[in-house]
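Mapping the sequence shown onto numbering that gives the first Met the number 0, position 815 (from 1) lands on 814, and the numbers just tick up by one.
Glycine residues also receive a C-beta, built at the ideal position from the N, C-alpha and C atoms.
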Amino acid sequence: MDLEMQQPFSLSEEDLMQKIHQNEGREKLYHTASWKTKDLLQNFTQLLLLQKSCPRGLDTLVWKRWRKSKAEERGHLIEIQDLFNPNPDTQEEPQLVILEGVAGIGKSALARQVRRAWEEGQLYRDRFQHVFYFSCRELAQCKQLSLAELIAKDQTVPAAPIRQVMSHPEKLLFILDGIDEPAWVLGEKNPKFCVHWSQPQPVHTLLGSLLGKSVLPGAFLLLTVRTTDLQKFIPSLGQPRWVEVLGFSESGQKKYIYKYFTEKREAMKAFRFVKSNPVLSTLCLVPWVSWLVCTCLKQQMEQRGDLSLTSHTTTALCLKYLSQTIPAQHLGTHLRRLCSLAAKGICTRRTLFSELDLQQQGLSEDVIDNFLKVGVLQKQPSSLSYSFAHLCLQEFFAAMSCILVDSEDRYGDMDNYRIVETLIEVYGRHDLFDAPILRFLFGLLSKKGMGEMKKISACRFPWRTWLYLQWHILEEALYHQPYSLGLLHCLYEIQDKELLTFVMENYQETRMHAPVDMLHPRFLTGIKHLLVQTDMELMVVTFCIKFCCHVERLQLNHGEQQEKVLMAPRMVLSRWTPITNASWKILFSTLKFTGNLKELDLSGNPLNNCALQSLCKTLSYPGCHLKTLCLVNCGLTSISCAYLASVLRASSSLAELDLQLNDLGNRGVRQLYKGIRNPACNLRILWLDQAPLSDQVMMKLRALEAKNPHLLISSTWKPRMMDPTKKRDGEEMDDSPKSCKRQRLQSDEGCSQLARLQTFHLSPPEIPKDKPLEPLGTEDDFWGPTGPVATEVVDRERNLYQVQFPVPGSYHCPNTGLHFVVTRAVTIKIGFCSWSQYLDKTPLQHSHMVAGPLFDIKAEQGAVTAVYLPHFVDLQEGQVDISWFHVAHFQEHGMVLETPTRIEEHYVVLENPSFSPMGVLMRMIPAFGHFIPITSITLIYYHLSQKEVTVHLYLVPNDCTIRKAIDDEEMKFQYVRINKPPPVDSLYIGSRYIVSGSEKLEIIPMELELCYRSPGESQLFSEIYIGHMASGIKLQIRDKKHMNLIWEALLKPVDLRPAPPRIPAAHKEPSASLHFLDQHREQLVARVTSVDPVLDKLHGAVLSEEEYEAVRAEATNQDKMRKLFSLSRSWTKSCKDQVYRALKDTHPHLIMDLYEMSGAVSEES
0 MDLEMQQPFS LSEEDLMQKI HQNEGREKLY HTASWKTKDL LQNFTQLLLL
50 QKSCPRGLDT LVWKRWRKSK AEERGHLIEI QDLFNPNPDT QEEPQLVILE
100 GVAGIGKSAL ARQVRRAWEE GQLYRDRFQH VFYFSCRELA QCKQLSLAEL
150 IAKDQTVPAA PIRQVMSHPE KLLFILDGID EPAWVLGEKN PKFCVHWSQP
200 QPVHTLLGSL LGKSVLPGAF LLLTVRTTDL QKFIPSLGQP RWVEVLGFSE
250 SGQKKYIYKY FTEKREAMKA FRFVKSNPVL STLCLVPWVS WLVCTCLKQQ
300 MEQRGDLSLT SHTTTALCLK YLSQTIPAQH LGTHLRRLCS LAAKGICTRR
350 TLFSELDLQQ QGLSEDVIDN FLKVGVLQKQ PSSLSYSFAH LCLQEFFAAM
400 SCILVDSEDR YGDMDNYRIV ETLIEVYGRH DLFDAPILRF LFGLLSKKGM
450 GEMKKISACR FPWRTWLYLQ WHILEEALYH QPYSLGLLHC LYEIQDKELL
500 TFVMENYQET RMHAPVDMLH PRFLTGIKHL LVQTDMELMV VTFCIKFCCH
550 VERLQLNHGE QQEKVLMAPR MVLSRWTPIT NASWKILFST LKFTGNLKEL
600 DLSGNPLNNC ALQSLCKTLS YPGCHLKTLC LVNCGLTSIS CAYLASVLRA
650 SSSLAELDLQ LNDLGNRGVR QLYKGIRNPA CNLRILWLDQ APLSDQVMMK
700 LRALEAKNPH LLISSTWKPR MMDPTKKRDG EEMDDSPKSC KRQRLQSDEG
750 CSQLARLQTF HLSPPEIPKD KPLEPLGTED DFWGPTGPVA TEVVDRERNL
800 YQVQFPVPGS YHCPNTGLHF VVTRAVTIKI GFCSWSQYLD KTPLQHSHMV
850 AGPLFDIKAE QGAVTAVYLP HFVDLQEGQV DISWFHVAHF QEHGMVLETP
900 TRIEEHYVVL ENPSFSPMGV LMRMIPAFGH FIPITSITLI YYHLSQKEVT
950 VHLYLVPNDC TIRKAIDDEE MKFQYVRINK PPPVDSLYIG SRYIVSGSEK
1000 LEIIPMELEL CYRSPGESQL FSEIYIGHMA SGIKLQIRDK KHMNLIWEAL
1050 LKPVDLRPAP PRIPAAHKEP SASLHFLDQH REQLVARVTS VDPVLDKLHG
1100 AVLSEEEYEA VRAEATNQDK MRKLFSLSRS WTKSCKDQVY RALKDTHPHL
1150 IMDLYEMSGA VSEES
């Protein structure tokens, strides 16, 4: 008797053993060894597997601006043998692995392959003693089972007692295929159930106890699922390892086709045909679609006809398969009955049908045989049940059942409503648009789908009904899932331009339902981020986004080259898996018609010659109307320029081309020159690196620019340290030929991007030769290949800063001593830390000496190839063994000492570093004690009043964090630093020194000890009262033991500027004293190097949203400051004070310098 017909009962171990090893030919209602089934994926090849830290859900589309995903969050590709590898952090093996993926992607085939490979000794043989495979759609046919009976259904269990099999649960692997397909909830309703493995239980209770670890808690589980919202029916899920199945790789697709066709000649013909059509090739990356395509091609080859498959959607492929496969005599009534069977199964979550089920639908035995013969249905081995060849095929026929009606039938609006409600009831609103049946329904409701349906079946479906059904579904989509990737798949299937344009307009404007980045709400209207992992998703999203009138710019993988630039409204597609030639081919093929898209940004993505050829071919199509193309840092060479020149020679719509950070060379630029000078070239702006070019090539470009009044050739990066909009005397250059051309181009439609970028021209303004160039930056700038790079303030109170390096190269900050070598554009965050916060908690404070600053550095993994950490030990004395140096890393689990790659005079060098709070320590040798020579600095600060001068003198190790801490402390009391040279000779920690002066000065204390105190601690200094300073005075420092002079400096009255008398704020007349901002407007416009942090502090308090965006939209920092000052006419004094404080917080050295220049003392400070 079949198991589901029996009442619950218990079996003895002997009975169970007999049941396990009974004759394999015994009749069963469902097939339990389905992992052996030779189904449509019998020629299965390896799939792409992406291991991730979390499932993929509705948050794949989020509106965030500065979100940076860590490597472990992005995931990485793995092999099938890596599914149960230990976690690299905890070294623990995952007990639960979940294979997620869309329908038809190959999850079940992969699960069966694991079982088959284990049995053949190729996989996990040493790891697991027993591997059990169960199809959950088959298990759902049973009412009750015990765990022993469940295991008995696996026919490969060796002749061993069941008790022995279960005695080592850590050696067992249970594979549950399609755990989310049956309509069950696998929760633990009673903690005492399944007290014994022989106790029969309802199947969902049995599986719930297995997942909840109530039985066999040490066993390992492998699940396959479509949905990622498993908590709704598996409450006790725990912390699984998520692995997304992405379908075939390019090589996997080829292997599958060559395995499907037994004749090599046919295989080669089929493969060439598929690869010749980028859309078809992309669709075939989904395994079940590969089977569909191969089946259609095989039939065409057997009929000795030409290969013809022009379908662009999965629905169209299914209709083609249907018309080729099912005989004409069965396309009427029999087809509708088959569709009715499929729909009934979908509604009841059934995939296996008995012969009685088929007969009840009116399918006779000969009709069933015909469907079996053509492969639409398949009979389960050793059972009386039937199923569709693939679950997706069943969903396709179920979708058809919503369409097919007899000619006398009439659908009403309520009937359409019931169809939608039934689908929601089966799949739920969360997963509705990820269900294949809905995508098939959209495809069938398309104009092409309607035409094919009319050919296949003699049914009639009124236009009014089609429209009603469309809008019922779209209303559900736009209300509940406006940002679903599944919705885009549905829209792709329908391929209706008018419908797409309407929906995508609402798609952009509908209120956001997913989490947003509330720290930067101003960006929500400009940028959308969408995660695309496969070429199929890339094709679908690109196709749909072209119809969104709000999105003009498409960007692939958000780079950092333009982080500071306010772009046009854009869609940013992030891809964590490798981008192949096939990926580029389908992207560019989809963009042959660009729709509303005007700009394409591929910056930071390597483009080989094959990919560039595909791009240039697309740019030549009449339907491609791209105006801006950004290829910054794409690995282009001189060969690449030949392809681009061919596009420029043609009459394309391209008006702006950005080729910076590419090694084009003189040869490549000459190729571009030939293309641009062609009369048919419409290019208006060319962004190009000028530094590597020869004088001859530069002369050609300048001549071309002079000849063409509409052409501008520029560079975003600074080739020289100058302000291109000013002469050295500060005079504006607005009426120069270059400025006129720039203004003219800014006003032209299609070239608005120029207005947002800082411009540095190939032919800079002439500068008087007797005036040296001056850097625009501050002392905290990093100097690199492009000149100074400003350091931005992130949080002044916490001493957090960041710097954005625009290009690969070496960057050095003289003020901090930090030095980075980077391989690409990268943002590095730097925090100034205190050693006492970390070192005092370790025993090393007694055995090691601090030898340099402590920094907390954060950077993208792999972007920094070397970091130079400053140290203040003097190596020239020859007293120090470099083996004493170590770099201390303070991590969550403790401190780690790393041996440096090498030691230099002022630096400790680490190559390929990992970052954490880190700094240089040196091991102390008892015999040496404090006799370690160090480099030191003297810091002098003065405070002015009307009649007296007071000076503070410090002698400290040359540590930038100490210097900064002292600067900050002295500035609180309005002391100003005087820069004087440091001691020439090395000094020693712990030594004492005497401070003296050339006149009778009051010095308290006269004795200073050179010691290391962390930045957060009070530093030792001598206070020197000078009184009225009529002439210069000399300050000296001598060592106490030998009275040798180690340092001296001359302070002159010119070093000290007199302070004007203070005027109480309440008594100031408006005309009597200008505000600081008005006094120093010109200097602030010229010297503020980072405006955005200032604007962030003023947003909402001084600046409205509109004003904030207007200032940020300006091209250069100078233009931003001019725009900001243009708003000052409406500011009150309180508003100006807030602007002053914002500038003081972000540019303290500049503000102090301006005060020193003017001799003023700030009331507000």
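- [ ] Please work out which residues of its chain come closer than 7 Å, Cβ to Cβ, to N604, disregarding the five sequence neighbours upstream and downstream, and give them in chain order.
- [x] L555, N556, I578 and C633
Task: Straight-line gap, L490 to I544 (C-alpha atoms, nearest Å) - done: 11 Å
- [ ] Check whether the Cβ atoms of T934 and L853 sit closer than 9 Å, and answer yes or no.
- [x] no
Task: Alpha carbon of M1151 to alpha carbon of D1091, nearest angstrom - done: 20 Å
TODO: Output the distance between the C-alpha atoms of V1121 and A1085, rounded to the nearest integer angstrom.
DONE: Here the sequence assigns Arg to residue 1121, which means Val is not the residue at that position. Distance between the alpha carbons of R1121 and A1085 is about 9 Å.
Task: Run of the alpha helix (DSSP H) containing D356, from where it starts to where it stops - done: E354 to Q359
Task: Residue(s) in a DSSP beta bridge with M848 - done: M921
- [ ] Give a yes or no on whether the C-beta atoms belonging to V975 and H942 are separated by under 9 Å.
- [x] yes
Task: Three or more C-beta pairs below 8 Å linking the region 427 to 445 and the region 392 to 405 - done: yes
TODO: Indicate whether the contact test is met: 3 or more Cβ pairs, each with one atom in the region 99 to 113 and one in the region 144 to 153, closer than 8 Å.
DONE: no
Task: Own chain, CB closer than 6 Å to S995, minus 5 neighbours either side, in chain order - done: Q1035
Open item on the list: With a threshold of 6 Å on Cβ separation, who are the neighbours of F83 within its own chain once the five nearest residues in sequence on each side are excluded?
Closed with: E92
TODO: State buried or exposed for K527, treating a residue as buried only when at least 16 other CB atoms are found within 10 Å of its CB.
DONE: buried
TODO: Alpha carbon to alpha carbon, how far is R225 from E1108? Give it in angstroms, no decimals.
DONE: 43 Å
- [ ] Look at the Cβ atom of L291, then the Cβ atom of Y257, and state whether they are nearer than 9 Å.
- [x] no
- [ ] Report buried or exposed for T1131, applying the criterion of at least 16 other Cβ atoms within 10 angstroms of its Cβ.
- [x] exposed
Task: Three or more C-beta pairs below 8 Å linking the region 534 to 549 and the region 273 to 289 - done: yes
Task: Short Cβ contact (9 Å threshold) for H892 with S913 - done: no
TODO: Report the rounded CA-to-CA distance for K1135 versus D1095, giving the unit in angstroms.
DONE: 15 Å
- [ ] With DSSP collapsed to three states, give me the class of C1010.
- [x] coil
Task: Counterpart residues of F804 in DSSP-defined beta bridges - done: V825
Open item on the list: So, for L306: in the same chain, excluding its five sequence neighbours on each side, which residues have a beta-carbon less than 8 Å away from its beta-carbon?
Closed with: K268, A269, F272, L296, Q299 and M300
TODO: Could you pull out every residue in the same chain whose Cβ sits closer than 6 Å to the Cβ of L98, ignoring the five residues on either side in sequence?
DONE: K106, T223, V242 and V244
Open item on the list: Out of S384, I436, W583 and L700, which one is the CA nearest neighbour of I472?
Closed with: I436
Task: Sub-9 Å separation of S339 and Q360 beta-carbons - done: yes
Task: Inter-residue Cα distance where the pair is L1044 and E1008 - done: 15 Å
Open item on the list: Strictly by DSSP, which residues pair up with C832?
Closed with: L853
TODO: Report, in whole angstroms, the separation of the C-beta atoms of Y953 and I988, which I expect to be a contact under 8 Å.
DONE: Actually they are not in contact, since the Cβ atoms of Y953 and I988 sit about 15 Å apart, beyond 8 Å.
Open item on the list: In the DSSP output, what is A887 paired with across the bridge?
Closed with: L896 and G918
- [ ] Look at the alpha carbon of A1141 and the alpha carbon of L1076, and state the distance between them as a whole number of angstroms.
- [x] 12 Å
Task: Nearest to M917 (by Cα), restricted to the options Y867, E903 and P956 - done: Y867
- [ ] With a threshold of 16 other CB atoms inside 10 Å of the CB of D839, please say whether the residue is buried or exposed.
- [x] exposed
Task: C-alpha distance - I1023 paired with D694, whole-angstrom precision - done: 58 Å
- [ ] Report the partner residues of W1231 according to the DSSP bridge assignment.
- [x] Here the chain comprises residues numbered 0 to 1164, so residue 1231 is not present and cannot be evaluated.
Open item on the list: If contacts are defined as beta-carbon pairs under 8 Å, then E897 and H885 qualify, I think. What distance do you get, rounded to the angstrom?
Closed with: 7 Å
Open item on the list: Among the candidates H951, E1001, P787 and I325, whose CA atom is the shortest distance from the CA of Y810?
Closed with: P787
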